[in-house]
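Student: Just dropping this structure here.
Protein chains in written order, with the numbering used here: chain Y, 71 to 433; chain S, 73 to 443.
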C-alpha cells in the first residue's frame, strides 16, 4: 500500500509538470518525424555547374547524362573565376569542366573530363564523384560499340533495406537516441528535484526502504518511456515513415522493457551523485554520448578505432540496439538474439545493483 | 543599464560556480568529451567494411577480380572465402559481414566468348549511407577490372576522368566532422548553461530576491549572459585547440576573424538559452528543451551530415531559421577554404540578427513579477 502511494506520487509529479509532459510527447512523435523525413543521407539533388569550353553536341549530351533524382543541373559558368566562387559559397557540390575540342578528342580516344568537387562536403562529395564517373564511363562504353561488350556486370542486392532508404535508419536511430536520453535524464532529474526542493529529507525519515523508493521511481519512469515507445512505433514509425516492422513487436518490447528498466536505474545513480540540475545535465551528457556512441547506433562497430571496439561490449545499449535493428529490419527471432538478451540482462543487473548500493548509502 | 548591477550579478555567479566543485569541472569536461567521442568515433570515412567472397568459378579472370577486392585494404576488410552463397547471407544476417561478392560458375567462359557476365554483390542495408558508399566502391572496383581487361583486348576508353577535391584534397572526412563539431557544441552547451542560470533561481525561489530588488530586466539578463559567455569562451578555446592539436585539422583562415565569429555565435546561443528560460519553470524542462532544439538542428539541419544545398525545399527553408547553419558555414569557410570576410559577411550578419532577436525577445518575455 505504501508502495502504491509512492507510485502514485511519482506519477502525479510527472503529470503535473506540463512542460515536461509536452516535451516528452514531442520527443516521441514530432522529433522522430523530423529526423526521419527531413534528412536524406543518399545523394539527392546534388547541384552542379558546368564549365563547357567546347559547347558541342557531344559535350552537351554527356552533361545531360547527369539526371535527377541524383543530380540537379544549375547552369553553365562562363568564366574560370566563377568556379571558385560557387564552390566557396557552397552553391554547388561540384563543377564539371569540359575542355576545348572535347568532341574532337572524344573521337580520337583522348578526351578529358574534369570533376571539381566541393571537398567540404566529404561524404556527398565522394558519392557525387563516384556516381558521375560511373555515368560518364558507361556513356563512353556505350558509345564505343553498339553490341554488348564482355564486361563483368554487378547485380546488387541490398539486404534489409533494398532502396537504401535513409528514412528507416534515421527514424529508428532517432527513436533509440531519444529513448536513451530520457532514460538517463528523467530519473536523474526526478531525484535531484527532490534534493533541490528539500523533499528528500521527508522521504529519508519515512519508513520506506531504499529499494522501494528506487523501484517506484524506476517503474514510473520506465512506464512512461515504454508508453512513449509504443506511441511512436504506432503513430510515426509504422504509418508515416513506413518502416517495415519485420520481426515480432512483442520481442522488441521485451528487449525495450529490460533495457529501460535497468538503465533508468542508472539514471537514478546520476541523480544520486549530483547535487543540482546543472550537474545532472552535464553528467548525463558525459555518460550519454559515449554510451550512444559505443552502441553502434550511429556508426557500426567496425568503423570505430581498434582500441574502442572492445569497449563497446560494456555498453548495455549495444546489445539492445543490435537486437532492435535485427528485429525491426531483419525480422530475426530470439534464436539469433539470445546472446544479446543475456548481455543486456547481465549488464543491466550490474547497473541496477550498483545504483541500489549507492542509494542505500544515501539513506 | 548600470554597470554596478551587472557586475554584482556576474560576481555572484562566479562565487556560486566556484563553490560548486562538481559543476566547475563538469562544465568544461562536457564539450571536451563530446569533441573526443565524436572526433574519434563518428567515422563517416567508410573503411574496414567486413566482406567475404564466394568464388564459384576459380579461373584466372575470377581470381583477378577477387584480388582487386582483397587488395583494397582501405575500404574492405577481407574476412575470407566462403564455399556457398548461403554462408554469405547467413553472415550478413548475423551482422558479421556487411558486404559480399559472389562470382558464379562460367564467369570467365562467358567473358571470353564476348558476352557480359554477371557477378552478385550483396550489401547489408541497415546503415544506408554506408551501403550506398560501399556499393559505389564495389562498382568502381569492377569498373577498373573491366577497363583493364578491355585495354588488353580492344581499345582504351575514349575518355579520361580527372577528379579533384577542393578545400580538402584527400577528402578526409575527419577534418569536416571535427571542425563541424565546434558550432554544434557551441550551440548546445552555452544554451543549456545560460538557461539553467535563470531557471535554477526560479525553481529554488531565489528569483524573489531579483523581483524585489531594484535591478532592471536588462541588467539581470545581461549580467547572466556575460557570465555564460565567459564560461563558453573558455570552452571555445578548449575545443578549438583540441581540433587543431589533437585531431590535426588544418586551420587555413584568419584566426581573429574566427574568434570574433565564435564570440558572436556564443552570444546568440546564450541569448537563446535566456529566451528558453523565460517559458519554463523547471530545470529539467529547460535542459531537455535546449537539447531538443539544438541536437536535431545542429546535426541534421545545419549541413553537418547533409549539405543544405541538396535538401528538400522545406528542409532548406527550415535550416535557414536557426543559427547552426550559419555557424557551420563560417567554420567550414574559415577552417577549410580560407575564405575572406566578404564571403562570410552575410552569415555573420545573420548571426548578429539572431542574437539581437533572441535577446530582445528574452527581455520582452522575462517577467519580473508574479503572473
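Beta carbons: idealized from backbone N, C-alpha and C, even for Gly.
What you are looking at is a predicted structure, and each value in this text was computed from that prediction instead of being measured.
Along chain Y, which residues have their Cβ under 8 Å away from the Cβ of residue 86 (chain S)?
Tutor: None at all; the shortest Cβ gap to chain Y is about 14 Å.
Student: Could you list which residues in chain S have their beta carbon closer than 9 Å to that of residue 226 (chain Y), in chain order?
Tutor: Those are 192, 193, 194, 195, 207, 210, 211, listed as they occur along chain S.
Student: Under the three-state reduction of DSSP, which class applies to residue 135 (chain Y): helix, strand or coil?
Tutor: If DSSP states are grouped into helix, strand and coil, residue 135 (chain Y) belongs with coil.
Student: Taking Cβ positions, are residue 362 (chain S) and residue 267 (chain S) nearer each other than 8 Å?
Tutor: Cβ atoms of residue 362 (chain S) and residue 267 (chain S): closer than 8 Å.
Student: For the region 79-110 of chain S, list every residue whose C-beta sits within 8 Å of some C-beta in chain Y, in sequence order.
Tutor: So the close ones are 92, 94, 95, 98, 99, 101, 102, 105, 106, 109, 110.
Student: Per DSSP, what kind of secondary structure is residue 316 (chain Y) in: helix, strand or coil?
Tutor: Here residue 316 (chain Y) sits in coil by DSSP.
Student: Leaving out five residues on either side along the sequence, give the residues of the same chain with a beta carbon under 6 Å from the beta carbon of residue 120 (chain S).
Tutor: Taken in chain order, the residues that qualify are 149.
Student: So, using beta-carbon positions, are residue 118 (chain Y) and residue 144 (chain Y) closer together than 8 Å?
Tutor: Going by C-beta atoms, residue 118 (chain Y) is nearer than 8 Å to residue 144 (chain Y).
Student: Given residue 416 (chain S), which residues of its chain have a CB within under 6 Å of its CB, disregarding the five upstream and five downstream residues?
Tutor: Same-chain partners within the cutoff: 402, 405.
Student: Would a check of beta-carbon distances place residue 404 (chain S) closer than 8 Å to chain Y?
Tutor: For residue 404 (chain S), the answer is yes, since a Cβ of chain Y falls inside 8 Å of its Cβ.
Student: If you pair each beta-carbon of the region 307-318 of chain Y with each one of the region 236-255 of chain Y, do three or more pairs fall below 8 Å?
Tutor: Because the criterion of three Cβ pairs below 8 Å is met, the region 307-318 of chain Y and the region 236-255 of chain Y touch.
Student: Just by C-beta distance, which residues in the region 76-88 of chain Y are closer than 7 Å to chain S?
Tutor: If the cut-off is 7 Å between Cβ atoms, the region 76-88 of chain Y has 87 near chain S.
Student: From residue 102 (chain S) to residue 346 (chain S), what does the alpha carbon distance come to, in whole angstroms?
Tutor: Looking at the two C-alpha atoms, the distance is approximately 20 Å.
Student: Rounded to whole angstroms, how far is the Cβ of residue 168 (chain Y) from the Cβ of residue 122 (chain Y), which I believe are closer than 8 Å?
Tutor: Going by Cβ atoms, the distance from residue 168 (chain Y) to residue 122 (chain Y) rounds to 5 Å, so yes, they are a contact pair.
Student: For residue 370 (chain S) versus residue 392 (chain Y), is the C-beta spacing smaller than 8 Å?
Tutor: No. Outside cutoff.
Student: Using the C-alpha atoms, what's the distance from residue 292 (chain S) back to residue 234 (chain Y)?
Tutor: C-alpha separation (whole angstroms): 52 Å.
Student: Evaluate residue 309 (chain S) with the Cβ neighbour count: other Cβ atoms within 10 Å of its Cβ, from every protein chain shown; 16 or more gives buried, anything less gives exposed.
Tutor: That one is exposed.
Student: Hey, quick one: how far does the beta strand (DSSP E) through residue 122 (chain S) stretch, first residue to last?
Tutor: Segment 121-127, the beta strand (DSSP E) holding residue 122 (chain S).
Student: Going by the DSSP bridge assignment, what does residue 196 (chain S) pair with across the sheet?
Tutor: DSSP, once it has assigned bridges, lists Y:229 as partnering residue 196 (chain S).
Student: Could you please tell me which residues of the region 401-421 of chain Y, in chain order, have their CB closer than 9 Å to any CB of chain S?
Tutor: Correct list: 402, 406.
Student: Residue 78 (chain Y) lies in the alpha helix (DSSP H); which residues open and close that run?
Tutor: Per DSSP, residue 78 (chain Y) belongs to the alpha helix (DSSP H) from 72-86.
Student: Could you tell me the alpha carbon to alpha carbon distance between residue 328 (chain Y) and residue 369 (chain Y), rounded to whole angstroms?
Tutor: Looking at the two C-alpha atoms, the distance is approximately 24 Å.
Student: Helix or strand or just coil, what does DSSP make of residue 161 (chain Y)?
Tutor: It is coil, neither helix nor strand.
Student: Mapping DSSP to helix, strand and coil, what is residue 286 (chain S)?
Tutor: Note: residue 286 (chain S) maps to coil in three-state DSSP.
Student: Use the C-beta contact count for residue 147 (chain Y): other C-beta atoms within 10 angstroms, 16 or more gives buried, fewer gives exposed.
Tutor: Answer is buried; the Cβ neighbour count reaches 16.
Student: Which two residues bound the contiguous alpha helix (DSSP H) that contains residue 446 (chain S)?
Tutor: Past the edges of chain S, shown from 73 to 443, lies residue 446 (chain S), and the structure says nothing about it.
Student: Exposed or buried, residue 139 (chain Y), counting other C-beta atoms within 10 Å across all chains shown (16 or more means buried)?
Tutor: By the 10 Å Cβ count, residue 139 (chain Y) comes out exposed.
Student: Is there a Cβ of chain Y sitting closer than 8 Å to that of residue 119 (chain S), yes or no?
Tutor: For residue 119 (chain S), the answer is yes, since a Cβ of chain Y falls inside 8 Å of its Cβ.
Student: Below 8 Å CB to CB, which residues in the same chain sit around residue 275 (chain S) once its five sequence neighbours on both sides are set aside?
Tutor: Around residue 275 (chain S): 353, 354, 355.
Student: Answer yes or no: does any C-beta atom of chain Y fall closer than 8 Å to that of residue 74 (chain S)?
Tutor: No, its Cβ sits nowhere closer than 8 Å to a Cβ of chain Y.
Student: Find the nearest neighbour of residue 413 (chain Y) within the set Y:427, Y:332, Y:402, judged by alpha-carbon distance.
Tutor: Residue 413 (chain Y) has its Cα closest to that of Y:332, out of Y:427, Y:332, Y:402.
Student: Taking beta-carbon pairs under 8 Å, can you tell me which members of the region 378-396 of chain Y lie near chain S?
Tutor: Correct list: 378, 392, 395, 396.
Student: With 16 other CB atoms within 10 Å as the buried threshold, where does residue 425 (chain S) fall?
Tutor: Result: exposed.
Student: Could you run through the region 283-312 of chain S and flag, in chain order, every residue whose CB is less than 7 Å away from some CB of chain Y?
Tutor: So the list is empty, because no residue satisfies the distance condition.
Student: Run down chain S in chain order and give the residues with a C-beta less than 7 Å from the C-beta of residue 353 (chain Y).
Tutor: Correct list: 98.
Student: Quick one: list the residues of chain S neighbouring residue 199 (chain Y), beta-carbon separation under 7 Å, in chain order.
Tutor: Per Cβ cutoff of 7 Å: 235.
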